[in-house]
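Chemist: Pasting a structure below so you can have a look.
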Amino acid sequence: MKKTVEVGKTLLVNGSASVKMLSGKVEVFGCAIREGHQTIVREGKRQPFHVLETAEFHISLGLNASVQEIEASTIPTSWDEAFETVKNVQNKPAVIMVIGKVDMGKSSFSTYIINKLVDGKNRVAVLDSDLGQSDIGPPCTIAYGYTVKKITELYEVKMSNAFFVGAISPAQAVSRSIEGLVEMYKECMQKADVDYVIINTDGWVEGENAIIQKGQLLNQLKPDLVVGIQGQEEELEPLLSGINSIATYCIESSTATNERAIEKHTKGREMCYAKFLKEAKVRSLFSSYMVIHEKDILPKEQGKEKGILVGLQDSNKQFLGIGILLEYNRVRKTMKVLTPVPNKPASISIGRIKLDPELKELPL
Numbered sequence: 219m220k221k222t223v224e225v226g227k228t229l230l231v232n233g234s235a236s237v238k239m240l241s242g243k244v245e246v247f248g249c250a251i252r253e254g255h256q257t258i259v260r261e262g263k264r265q266p267f268h269v270l271e272t273a274e275f276h277i278s279l280g281l282n283a284s285v286q287e288i289e290a291s292t293i294p295t296s297w298d299e300a301f302e303t304v305k306n307v308q309n310k311p312a313v314i315m316v317i318g319k320v321d322m323g324k325s326s327f328s329t330y331i332i333n334k335l336v337d338g339k340n341r342v343a344v345l346d347s348d349l350g351q352s353d354i355g356p357p358c359t360i361a362y363g364y365t366v367k368k369i370t371e372l373y374e375v376k377m378s379n380a381f382f383v384g385a386i387s388p389a390q391a392v393s394r395s396i397e398g399l400v401e402m403y404k405e406c407m408q409k410a411d412v413d414y415v416i417i418n419t420d421g422w423v424e425g426e427n428a429i430i431q432k433g434q435l436l437n438q439l440k441p442d443l444v445v446g447i448q449g450q451e452e453e454l455e456p457l458l459s460g461i462n463s464i465a466t467y468c469i470e471s472s473t474a475t476n477e478r479a480i481e482k483h484t485k486g487r488e489m490c491y492a493k494f495l496k497e498a499k500v501r502s503l504f505s506s507y508m509v510i511h512e513k514d515i516l517p518k519e520q521g522k523e524k525g526i527l528v529g530l531q532d533s534n535k536q537f538l539g540i541g542i543l544l545e546y547n548r549v550r551k552t553m554k555v556l557t558p559v560p561n562k563p564a565s566i567s568i569g570r571i572k573l574d575p576e577l578k579e580l581p582l
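Following this line, the structure appears as structure tokens:
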């Protein structure tokens, strides 16, 4: 269908959908969309097309997709105020950590800030540690990449490396989630000369264990600024009140924030599993020639390991990809893994997620 939207208004599109801009001037989180460009809005995602000059769109909607027109920009003024604070951080590279509950717009704010920084000719590193809603790497991983170009979502940042945690929430693997983020942070700082590092965190912020976990991350990463996104209930207050030596800044959630049901999060991960397991083949690996991380997770009973998600690394700790463990023969010391990774890994990490043949998540 074709739709014309007047200047000053915003077109909210819930995926899965395809949006082609036929004419006008439009931005998505500060990223200009050129005429003729086709934007794919993935299932479970929402994109705000803010119209700067009256625009005409051609929109194709998939199952459960929708489109809505609202009167103004979805970017709160507090986001621009936060950007000024980010821009004024004297330390370089400036490390910015974004925190907030699930579906509060952490990825959207990170995207907006990245675009504003790139607009100022800055090189930006992006760390994505939201295990259950990974954008840069596969589900259950902490990944990073670099960009000098504007983006419409974090998904467009090319993955440089990833750390396989093997869980969809840090609550399921606290120490490993901390280890992974710290390792990826150190690596991305060493490998490239950047002006800013944006850390997009997970949505685990409430409760004593969550506060302890975030506190440990803060102690090890020592960001220059923590930006908290919260609603009217001030749910971040217990966490933020314990941060004394690091500057904090609170902002509101965008009106474009998409409060997705658990089912949509799960569906989104299933689509990502399919993407990262495309053209997978069954490969036989000798466990005696590999380091097996998190080996204790493996069930003791033979056959119960079938379906466990695994991560593969080379000898330089470069993430090679994910796979599905089909069989682990302790006597022969062999593993059968369904994976698209063609080369033999130096190490394999055992996950806390099981997938059935249709890539649907099962309890481990």
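In my numbering, each residue's number is its place in the sequence shown (first place is 1) plus 218. Just so you know, even glycine gets a beta-carbon here, dropped at the ideal spot from N, CA and C. None of the values given here were measured: they were computed from a predicted structure.
Going residue by residue through the segment 277-329, where are the continuous beta strand (DSSP E) segments of at least 3 residues, counting only ones entirely within it?
Modeler: DSSP runs (the beta strand (DSSP E)) wholly in the segment 277-329: 284-288, 312-318.
Chemist: Name the residue from SER395, LYS324, ASP298 whose alpha carbon lies nearest to the alpha carbon of ASN418.
Modeler: The option with the nearest alpha carbon to ASN418 is LYS324.
Chemist: Which residue from THR257, GLU224, PRO357, ALA250 puts its Cα closest to that of VAL231?
Modeler: When each option's Cα is compared against that of VAL231, the closest is THR257.
Chemist: Would you tell me roughly how many angstroms separate the C-alpha atoms of VAL246 and MET553, rounded to the nearest one?
Modeler: Cα-Cα distance, rounded: 45 angstroms.
Chemist: Under DSSP, the beta strand (DSSP E) around TYR546 begins and ends at which residues?
Modeler: First-last of the beta strand (DSSP E) with TYR546: 537-547.
Chemist: Output needed for GLU453: all residues of its chain with C-beta closer than 8 angstroms, excluding positions within five of it in sequence on either side, in chain order.
Modeler: Taken in chain order, the residues that qualify are LYS319, VAL423, GLU424.
Chemist: Drop a sphere of 10 angstroms on the beta-carbon of LEU458, count the other beta-carbons inside from all chains shown, and report buried for 16 or more, exposed for fewer.
Modeler: When all chains shown are included, LEU458 counts as buried.
Chemist: Rounded C-beta distance between VAL445 and ALA300? I'm assuming under 8 angstroms.
Modeler: Confirmed, Cβ separation roughly 6 angstroms.
Chemist: Going by the CB atoms, is the gap between ASN340 and TYR414 shorter than 8 angstroms?
Modeler: In contact: TYR414 and ASN340 (Cβ atoms closer than 8 angstroms).
Chemist: Using a 10 Å radius around the Cβ and a threshold of 16 neighbouring Cβ atoms, would you call THR329 buried or exposed?
Modeler: So THR329 counts as buried.
Chemist: List the endpoints of the continuous alpha helix (DSSP H) containing ARG394.
Modeler: From DSSP, the alpha helix (DSSP H) with ARG394 extends over 392-409.
Chemist: Just checking, does the segment 567-581 make contact with the segment 382-391 on the three C-beta pairs under 8 angstroms criterion?
Modeler: A contact exists between the segment 567-581 and the segment 382-391.
Chemist: Among the candidates SER347, ILE332, ALA380, whose CA atom is the shortest distance from the CA of VAL366?
Modeler: Nearest C-alpha to VAL366: ILE332.
Chemist: Looking only at its chain, what residues have a beta carbon closer than 6 angstroms to the beta carbon of THR272, apart from the 5 residues adjacent to it on each side?
Modeler: Result list for THR272: GLU224, VAL225, GLY242, in chain order.
Chemist: Is the beta carbon of GLN520 closer than 8 angstroms to that of PRO606?
Modeler: A query on residue 606 cannot be resolved here, the shown segment of the chain reaching from 219 to 582 and no further.
Chemist: So for THR552, helix, strand or coil by DSSP?
Modeler: THR552: strand per DSSP, three-state reduction.
Chemist: Mind pulling the beta strand (DSSP E) runs of 3 or more residues that sit fully within the segment 326-367?
Modeler: Those beta strand (DSSP E) runs which fall completely within the segment 326-367 and span 3+ residues are 342-346, 359-365.
Chemist: For ILE251, report the span of its beta strand (DSSP E) as first-last.
Modeler: Start and end: 249-251.
Chemist: Based on DSSP bridge pairs, tell me the residues matched to ASN232.
Modeler: According to DSSP, which records beta bridges pairwise, ASN232 is partnered with ARG264, SER284.
Chemist: Measuring CB to CB, does ARG501 end up less than 8 angstroms from THR557?
Modeler: Yes, the Cβ-Cβ distance between ARG501 and THR557 is below 8 angstroms.
Chemist: Could you tell me if PRO311 is buried or exposed, where buried requires 16 or more neighbouring beta carbons within 10 angstroms of its beta carbon?
Modeler: Buried, because 16 or more other Cβ atoms sit within 10 Å of the Cβ of PRO311.
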